[in-house]
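Engineer: Quick note on my numbering: the sequence shown kicks off at 7 and runs consecutively.
Have a look at this one before I ask anything.
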Amino acid sequence: MSATNGTNGQQHPVRSRSASSPYQSVQDYLSNVANFKIIESTLREGEQFANAFFDTETKVKMYGLNPDCAEKSAKALDSFGVDFIELTSPVASEQSFKDCRTICSLGLKAKILTHVRLNMEDAKAAVATGVDGVDLVIGTSSFLREFSHGKSMTYVQKTALEVIEYLKGEGVQVRFSSEDSFRSDLVDLLSLYKAVDTAGVQRVGIADTVGGATPRMVYDLVRTLRGVVQCDIETHFHDDTGCAVANAHAALEAGATHVDTSMLGERNGITPLGAFIARMVVTAPDYVKSKYNLKELKALETLVADAVQINIPFNNPVTGFCAFTHKAGIHAKAILNNPSTYEIINPEDFGLSRYVSISSRITGWNAVKSRVDQLGLKMSDEQVKEVTAKIKQLADIRPLAIDDTDSILRSFHAEQVEGCGSY
Ligand SMILES: [Zn+2]
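This is the structure we're talking about:
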């Protein structure tokens, strides 16, 4: 066992030899995996979550000033580095309108967007809040056209061009997106997007509103769209079938430029910010580490979890309490020798630490030795093996907490090493 390769002075060959990592596939000229922007939508999309009610104070705390401590200006999500913050439509309620105005006035680095239905009235309300950009949306699938708004594609296109013209005149950014894009007629969709692109929108958006798309479907649609429009391509994936992060990655590979995220979102959420960042820090470590303040992720997720009264899921990428916990004996030995053996992500990048659990019957003496060293106890390998056997014996009988194992180690040390026990 090499002393220099422990958890303290660790090297991560997977990351330091990035080009040779099988997890960093060769990208073609269309790929934007190392050049994407995040549109953080927790305060819009996240409000649809069953438990969610974000009051202005929470919104401000997430995105700007801490009202109790103005000089600190927490600017939580803004300082995390997201490029855009998307807010609930100002026509949803009076308070939503006020929230848009308040957040626009904070002077954040991130651009502020609001998401409205495709009609002139909504567009005007959006402009009145002072946002940097307006995200227009309308359903284009036959389901939505028949069962929701009842409008024809001709009507949709005509209205789109009028509203886009108005917004351009007001000097705000415009995104035009269909809802339920994957169940829309491809020819309808592409001709509509070509028209709005020509009209001068900054982005077109595709949305997997029902969460049914697969990475392959996403790749094909985005790649086709990339050949049709000049503007940026925004993507929005729901996670009903567990593909939201993979779909976002596939979209970027196919030439999409923007990914919508939310933290611990609504229903099954859209691409979760934390899991997406976990994926992208492996795909494009230099870009992600230079652009996003990864150490703030945990505090951000905790803030949202508290606001909607849920726990961060135990198995959440990066921030779940099991994310960097290792237990099994052989596994723990390898982790202690070289963390890359079982970890693709370095917890230290996120200001977190790995935890090797020794309080179980599957623990190994290497893990126990590492804890002994952490506690500053001096024991020979033979003594560590002996105390490991003791821990295993006890763990067979009852569950052990970390405190329990620490006291076992301490009293064993006192007995054996300091000789004050009755050995
Ligand atoms: Zn959505």
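Quick reminder that beta carbons are idealized off the backbone N, C-alpha and C, glycines included.
#1: Using the Cβ count rule (16 or more neighbours within 10 Å means buried), how would you classify phenylalanine 327?
#2: Which residues does DSSP list as the beta-bridge partners of alanine 201?
#3: Assign arginine 416 to one of two classes, buried (16 or more other C-beta atoms within 10 Å of its C-beta) or exposed (fewer than that).
#4: For phenylalanine 356, is the classification buried or exposed, using 16 other Cβ atoms within 10 angstroms of its Cβ as the cut-off for buried?
#5: Evaluate glutamate 388 with the Cβ neighbour count: other Cβ atoms within 10 Å of its Cβ, from every protein chain shown; 16 or more gives buried, anything less gives exposed.
#6: What is the DSSP secondary structure of valine 97, counted as helix, strand or coil?
#7: Using only the alpha-carbon positions, how far apart do serine 79 and leucine 309 sit?
#8: Per the DSSP calculation, alanine 256 is bridged to which residue(s)?
#9: Whole-angstrom Cβ separation of leucine 342 and valine 362, contact assumed at under 8 Å?
#10: According to DSSP, is glutamine 179 part of a helix, a strand, or is it coil?
#11: Beta carbon of glutamate 51: closer than 7 Å to some heavy atom of ligand 1?
#12: Check whether the Cβ atoms of methionine 286 and threonine 48 sit closer than 8 Å, and answer yes or no.
#13: Return the chain-ordered list of same chain residues with a C-beta closer than 7 Å to the C-beta of glutamate 77, the five sequence neighbours on each side being excluded.
#14: Among Val288, Pro345 and Gln380, which one has its Cα closest to the Cα of tyrosine 29?
#15: What is the DSSP secondary structure of arginine 209, counted as helix, strand or coil?
#16: Mapping the DSSP letters down to three states, classify leucine 300 as helix, strand or coil.
#17: Suppose you measure from the CA of leucine 306 to the CA of proline 319; what does that come to, to the nearest Å?
#18: Quick one: which unbroken alpha helix (DSSP H) runs of 4-plus residues sit fully inside the stretch 112 to 197? Chain order, please.
#19: Alpha carbons only, please: which of His242, Asp312, Ala311 and Ile316 is nearest the one belonging to phenylalanine 282?
#20: Could you have a look at serine 79 and say whether DSSP puts it in helix, strand or coil?
#21: Among residues of its own chain, excluding the 5 on either side of leucine 258, which ones have a beta-carbon nearer than 6 Å to its beta-carbon?
#22: Please confirm if the stretch 174 to 194 is in contact with the stretch 119 to 138, defined as three or more CB-CB distances below 8 Å between the two stretches.
#23: Considering aspartate 387, what are the terminal residues of the alpha helix (DSSP H) in which it resides?
#24: Taking the beta carbon of isoleucine 276 as the centre, do at least 16 other beta carbons fall within 10 Å, making it buried, or is it exposed?
#25: Counting only C-beta atoms, is valine 362 closer than 8 Å to chain D at any point?
#26: Between the Cα of valine 234 and the Cα atoms of Glu171, Leu198, Thr325 and Asp245, which residue gives the shortest distance?
#27: For a minimum of 3 consecutive residues, which ranges assigned as the beta strand (DSSP E) are wholly contained in the stretch 214 to 297?
#28: So which of Asp214, Tyr348 and Asp409 has the shortest CA-CA distance to isoleucine 364?
#29: Measure from the alpha carbon of asparagine 125 to the alpha carbon of each residue in Val169, Thr160 and Ser95, then state which is nearest.
#30: Count the other CB atoms, across all protein chains shown, that sit within 10 Å of the CB of valine 32; report buried if there are 16 or more and exposed otherwise.
#31: Is it true that the CB of phenylalanine 330 sits closer than 8 Å to the CB of leucine 300?
#32: Cβ-heavy atom distance between threonine 247 and ligand 1 below 7 Å?
#33: Alpha carbon to alpha carbon, how far is tyrosine 225 from arginine 232? Give it in angstroms, no decimals.
#34: State yes or no: is the C-beta of glutamate 92 within less than 8 Å of the C-beta of glutamate 127?
#35: Assign leucine 192 to one of two classes, buried (16 or more other C-beta atoms within 10 Å of its C-beta) or exposed (fewer than that).
Structural biologist: For this structure:
#1: exposed
#2: In DSSP, alanine 201 forms no bridge with anything.
#3: exposed
#4: buried
#5: exposed
#6: coil
#7: Bear in mind that the predicted position of serine 79 carries a pLDDT of just 29, short of 50, making it unreliable; the figure below should be weighed with that in mind. About 15 Å.
#8: Looking at the DSSP assignment, alanine 256 forms no beta bridge with any residue, so it has no partner.
#9: 7 Å
#10: strand
#11: yes
#12: no
#13: Any reading at glutamate 77 needs caution, since the residue's pLDDT is 27, under 50, leaving its predicted position unreliable; the model's value is listed next. Around glutamate 77: no qualifying Cβ.
#14: Val288
#15: strand
#16: helix
#17: 14 Å
#18: 126 to 134, 148 to 153 and 159 to 175
#19: His242
#20: In this prediction, serine 79 scores a pLDDT of 29, lower than 50, which makes its location untrustworthy; the coordinate-derived value is nonetheless stated afterwards. Coil.
#21: Asn38, Val39 and Phe42
#22: yes
#23: 387 to 403
#24: buried
#25: Looking at the structure shown, chain D is missing, and only one protein chain is on hand.
#26: Leu198
#27: 238 to 243 and 264 to 267
#28: Asp409
#29: Val169
#30: exposed
#31: no
#32: no
#33: 10 Å
#34: no
#35: exposed
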